[in-house]
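In our numbering, the protein residues as written are 207 to 625. All C-beta atoms, glycine included, are put in the ideal place defined by N, C-alpha and C. These figures come from a predicted structure and were not determined experimentally. What follows is a short report on a single structure.
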Ligand code: DSN
């Protein structure tokens, strides 16, 4: 990064410091990952200079032959990985992908049924503070209090009661397999469109570690940067019958020029997801999450749903640590070198800024080559720190142990070092 360092030492130094932070802390945020150097390189290219509104072969600008070739590759790979009729790789983010999906199928004022945010859903699935709750009449379904799993009977009852135009499945803090077949049946019973936001589990789906929603959903949206381990961005897959509406909904519906440097990086990430070792990587993510869950249970933490089938666990701190908020737990763990996020839990009584839970994920550490043994150690550290979050001696000792573990699993080492 010689040019950047010379032109803007302040920004250069912050980027270098961030690379150092990523290399020296344990990234346990379930939605984060580390992209490959190839993906990173593709993002920092001259493609950022190019306007390419439209689609390959049908652009509103000249000079698009090379970006066309790139976007065609990205589209072909996305369709092949997920077995989809049609793909659109231009959504700038998962939220944009969801907005495009809704506006492809619905009119403002129509009704949607999505998972309650505090039960593990997402802002764009109908939260009142989000466009999805402002443009559409949103109601919610959730998990059973007794076992933390989606209550499909209650979902069916709710769908019959409100007769939504669209049901959305998908979650940002749900650790169990999503039963897409049952969702689709319920949607069919009430003649609703069925959309799946698989952002969190896209990598697991690509590797067939989680059932795919593609055959049963009208539209499937995703981000590309979570378990899929690509650049930050969105992806939309759909059946042929919705292809035109989806493409028009993205552009000119809600976006202008596509970010071609990110589309190139998506193409590279999709190629990586087509390699045989991607399947074993995804299986290791889940094995690591299960090992982490087992370790946390040994530390007497209460896990929503009792464990995990996926890449994350959701800890409800209230039974084991009634006076400890998610916010305070997150801050103490960060001082010990473990980054994760506070999260609301089913039946939440605190505000989302304080929250009573912790969401902990394994994709990023699995990318660094950590395995089940390391997950056991991490669960132990979480238990120790949270047993007395004010004990600075324990935090100092653990942060040193974290540093040593991180050194044994280097990531972006040259970017982290002052040059
Ligand atoms: N903010 C993302 C997450 O952390 O799950 C979802 O968009």
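DSSP beta-bridge partners of residue i
i           : result
residue 264 : 261
residue 375 : 402
residue 518 : 567
residue 509 : 521
residue 293 : 443
Short CB-CB distance (under 7 angstroms) between residue i and chain B
i           : result
residue 439 : Looking for chain B here will not work: only one protein chain is present.
Residue i (DSSP reduced to helix, strand or coil)
i           : result
residue 352 : coil
residue 494 : helix
residue 345 : strand
residue 234 : coil
residue 385 : coil
residue 550 : coil
residue 544 : strand
residue 561 : coil
residue 484 : helix
residue 255 : helix
residue 249 : helix
residue 501 : helix
residue 556 : coil
residue 218 : helix
residue 269 : coil
residue 538 : helix
residue 476 : helix
residue 380 : coil
residue 530 : coil
residue 283 : helix
residue 369 : coil
residue 357 : coil
residue 288 : helix
residue 226 : helix
residue 623 : coil
Cβ neighbour criterion (16 or more within 10 Å) applied to residue i
i           : result
residue 501 : buried
residue 255 : exposed
residue 279 : buried
residue 608 : buried
residue 342 : buried
residue 610 : exposed
residue 315 : exposed
residue 371 : buried
residue 266 : exposed
residue 369 : exposed
residue 340 : exposed
residue 243 : exposed
residue 424 : buried
residue 569 : buried
residue 375 : buried
residue 450 : exposed
residue 334 : exposed
residue 399 : buried
residue 490 : buried
residue 599 : exposed
residue 488 : buried
Beta-carbon separation (whole angstroms), residue i vs residue j, contact threshold 8 angstroms
i           : j           : result
residue 439 : residue 299 : 6 angstroms
residue 518 : residue 566 : 6 angstroms
residue 422 : residue 387 : 6 angstroms
residue 411 : residue 307 : That belief does not hold up - the Cβ atoms of residue 411 and residue 307 are roughly 16 angstroms apart, past 8 angstroms.
residue 441 : residue 297 : 7 angstroms
residue 562 : residue 586 : Wrong, their Cβ atoms sit about 22 angstroms apart, outside the cutoff.
residue 461 : residue 589 : 45 angstroms between Cβ atoms; not a contact.
residue 437 : residue 245 : 6 angstroms
Check: residue i C-beta below 6 angstroms from any heavy atom of the ligand NAP
i           : result
residue 378 : Ligands present in the displayed structure are limited to the ligand DSN, and the ligand NAP is not among them.
Problem set entry | Any alpha helix (DSSP H) of 4 or more consecutive residues that is wholly inside the segment 298-342 | 300-311, 337-341
Exercise. Of all the beta strand (DSSP E) runs that stay within the bounds of the segment 392-469, which reach a length of 3 or more residues?
Worked result: 399-403, 425-429, 440-444
Exercise. Can you list, in chain order, the stretches of the alpha helix (DSSP H) that have 4 or more residues and sit fully within the segment 575-618?
Worked result: 578-593, 598-614
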